[in-house]
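Undergrad: If you're matching positions, the sequence shown starts at 6 in the working numbering and goes up one per residue. Virtual Cβ for every residue (Gly too), placed ideally from N, Cα, C. This is the structure, below, for whatever I ask next.
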Amino acid sequence: MQLNDVCVIQNGQVDPTQEPYLNLFHIAPDDIESSSGRILEFNTALQDGVSSGNYYFQPGAILYSKIRPNLRKVVRVDFEGVCSADVYPIYANKSINRDFLFYLLLSPRFTAYANTRSIRSAIPKINRDDLLAYPFDLPNLKDQVLIVHQLDALETAILGIEAQIQHLKNIKRQVMSALLEEGSKLHVQ
């Protein structure tokens, strides 16, 4: 298979300074966390002051940042919006599970491929034709769903561990502050 066999990339840009695009959420590469598939934060096109052409996307799209493919900036969206011209809105067809496609685009193998196809030296980017030419083996839909469930379970575990780490860092910070404050009082006496 090639990606071209299982998905399409949105064509045609819209004017984000006009309704209805003006008040839709706007996603740029900087709004996507590297390697995690998470959106950091985002505003509307109006709030971001976007004035150049953007792609419109619908719920169910996968947004893939075509610049600096080594950063692995990919996210699933379940809302409509507009995205920077540096982001491809990708839609899975019926032969591939959308979440399987998402994980495929986050995979180290795809990233290695995208890096070898990146053009421009200042800011590497992968063009549409090269992205869609990516070759891969496609399991049947049942196996795709099983793979997605396993990867989702791992992601849930990672999020839980990250939350525990943040909690422990907060406790450490509080203990350090208390100890240093107590130490200062002892030194003054």
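1. Classify residue 9 as helix, strand or coil using the three-state DSSP reduction.
2. Does the distance from the CB of residue 74 to the CB of residue 119 come in under 7 Å?
3. Should residue 77 be labelled buried (16 or more other beta-carbon atoms within 10 Å of its own) or exposed?
4. To the nearest angstrom, report how far apart residue 104 and residue 153 are at their CA atoms.
5. Would you call residue 102 buried or exposed, if buried means 16 or more other Cβ atoms sit within 10 Å of its Cβ?
6. Any idea if residue 71 is buried or exposed, counting beta-carbon neighbours within 10 angstroms, 16 or more meaning buried?
7. If you draw a straight line from the alpha carbon of residue 184 to that of residue 173, how long is it in whole angstroms?
8. How about residue 19 and residue 61: are their beta carbons less than 7 Å apart?
9. Expressed to the nearest angstrom, what Euclidean distance is found between the alpha-carbon atoms of residue 178 and residue 149?
TA: Per the coordinate set shown:
1. helix
2. yes
3. buried
4. 6 Å
5. buried
6. buried
7. 16 Å
8. yes
9. 43 Å
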